[in-house]
């Protein structure tokens with residue numbers, strides 16, 4: 014009887030499992046061999062066990078007013094140790110440059126004086142926050158947590174797709190994906206040496222504590238959430254629980270004399286660090302949207318006075334702006350004196366008349382994105398768009414060129430994904446997370462591999478029908494840290510049909 018991958022179809026994209034010769038890459042050989050021992054029934058049982066585990070743990074996201082179990086594909090994505098070193102170094106380099114850029118644009122603005130970027134980049138950016146000018150974080154960190162999206166093109170080259178420096182999401186799914194995979198298919202780990210991911214929340218908590226104002230000997234850290242109705246509320250509750258900090262809403266906080274306090278059953282308590290999952294516009298009704306009920310009045314004044322740290326910092330959106338993205342290679346050279354380790358996707362600034370004219374002439378070959386877009390919304394993939402969609406985006410670009418960029422189409426790499434009793438190629442990307450504690454930028458191994466579950470789709474966002482994979486960073490160091498990733502208690506003599514522990518857990522999130 015043949016294996017699951019015997020009839021795996023190959024497309025034009027680079028495949029993360031197989032080389033151009035049709036054979037498994039050297040680092041995927043052990044996984045390939047293990048998968049070949051599975052049957053369609055094994056996959057079905059694994060999927061049922063995964064879904065039960067996620068429902069029991071409340072691993073969900075909200076979309077279109079409904080709550081969905083977060084889709085985890087059962088076939089992991091593998092990254093060899095040498096390649097991970099490049100990813101890690103490239104992400105660290107990028108975060109260092111972005112930190113320097115943010116400190117500069119909210120300070121002396123030398124990057125404008127020296128002509129590296131035009132002043133209009135800031136004045137026309139919706140993410141540039143004038144009220145953040147002059148605020149100096151206690152340890153100089155504005156990007157406490159970054160999510161840097163990376164893709165691999167047809168030639169196998171890793172490229173940065175975009176930067177997420179405001180409220181990057183997905184860290185919780187990295188940890189939960191690993192826990193679930195270790196319980197459902199423990200045998201898949203037998204022939205692998207996989208770096209653990211359970212330390213993600215601890216690294217973030219350490220960075221948050223290091224960012225506390227001077228004099229805070231035992232900093233009080235809270236996580237500010239918009240509330241249970243937010244699509245990422247599971248992650249907010251998960252991270253707060255794992256870090257052992259209070260999960261608060263705006264109504265739980267108040268400012269007095271430029272000091273932030275939290276209301277609790279034991280009375281008021283001073284807060285030193287706010288890990289906020291609330292966007293700038295809603296964070297402080299004194300300075301931003303006056304109708305916001307999810308923020309805290311006066312929190313920005315408290316930050317300006319040096320009495321509280323807001324993580325990530327207010328105003329980081331200017332670095333998320335996709336027009337800023339086009340200047341990152343120059344910014345890396347300007348601030349660090351280095352060449353980029355990971356290149357951008359080839360991108361065009363549509364506010365330039367000549368560039369715009371050229372791009373509009375071949376819209377059906379390009380990907381057009383709104384500079385303020387997120388979650389895959391507003392993206393038009395030229396080769397897959399209808400004539401009506403192309404005509405509509407053409408009008409939008411002509412009406413507001415600064416609001417759009419165009420990119421050469423990158424046929425994202427593929428990886429085997431489960432569909433019933435089959436394994437089929439689907440396009441993927443990678444979001445590594447970087448944690449900055451003011452001394453070093455650390456990149457926890459792996460990150461969130463997102464997968465476009467619809468056939469042919471290049472949009473991997475969960476809000477657009479995407480899912481995720483467990484990301485295995487392989488290591489030559491002996492021993493997978495079993496305790497760190499909470500492996501199943503089942504004997505790992507086989508890769509088939511393992512059931513997760515369905516007993517109650519003390520740390521199950523409260524919805």
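In the working numbering, the protein residues as written are 14 to 524.
Backbone N, C-alpha and C define an ideal beta-carbon position, used for all residues, glycine too.
Only a predicted model underlies this, so the values are computations on that prediction, with no experimental measurement involved.
Excluding its 5 nearest sequence neighbours in each direction, residue 379 has C-beta neighbours in its own chain below 7 Å: 372, 395, 419, 420, 421 and 422, listed in chain order.
Under the 8 Å Cβ criterion, the region 437-456 counts as touching the region 154-166, having at least three qualifying pairs. Residue 222 places its beta carbon 8 Å or farther from that of residue 329. In this model, residue 278 and residue 244 are separated by some 28 Å (Cα to Cα).
Cβ-Cβ distances below 7 Å link residue 308 to 263, 291, 295, 296, 297 and 298 in the same chain, with the five nearest sequence neighbours on each side left out; the list follows chain order.
Along the region 63-130, the beta strand (DSSP E) occurs as fully enclosed runs of 3 or more residues at 73-76, 79-82 and 85-92, listed in sequence order. Residue nearest to residue 145 within the set 460, 133, 68 and 318 is 318 (criterion: CA-CA distance).
Pairing residue 436 with residue 115 gives a Cβ-Cβ distance that is not under 8 Å.
Per DSSP, the continuous alpha helix (DSSP H) segment holding residue 253 begins and ends at 246-256. Taking 8 Å as the cut-off, the beta carbon of residue 433 is found no closer than this to the beta carbon of residue 85. Here the alpha carbon of residue 67 sits roughly 49 Å from the alpha carbon of residue 125.
Residue environment for residue 29: buried (at least 16 other C-beta atoms within 10 angstroms of its C-beta). Pairing residue 452 with residue 366, the inter-Cα distance amounts to about 43 Å. In the DSSP assignment, residue 418 falls outside any alpha helix (DSSP H) and lies within the beta strand (DSSP E) extending over 417-421. In this structure, the straight-line span from the alpha carbon of residue 23 to that of residue 363 is close to 35 Å. Comparing C-alpha distances from residue 213 to each of 254, 238, 306 and 230 shows the shortest one belongs to 254. Under a 10 Å Cβ-count criterion, residue 123 is classified as exposed, with fewer than 16 other Cβ atoms of the shown protein chains found around its own Cβ. Per DSSP, residue 187 is one residue of the alpha helix (DSSP H) stretching across 184-197. Looking at the DSSP output, residue 442 sits in a beta bridge with 463. Here DSSP, grouped into helix, strand and coil, assigns residue 342 to helix. When DSSP states are grouped into helix, strand and coil, residue 348 belongs to the helix group.
Positions of the beta strand (DSSP E) runs, each at least 3 residues long and wholly inside the region 253-340, are given as 259-261, 266-269, 272-277, 280-283, 286-289 and 322-324 in order along the chain.
Residue 408 carries a helical assignment under DSSP once its states are collapsed to helix, strand and coil. Closest option to residue 188, judged by alpha-carbon separation, among 336, 83, 39 and 103: 83.
Inclusion of residue 456 and residue 441 in the CB contact set at 8 Å is not warranted, their separation being larger than that value.
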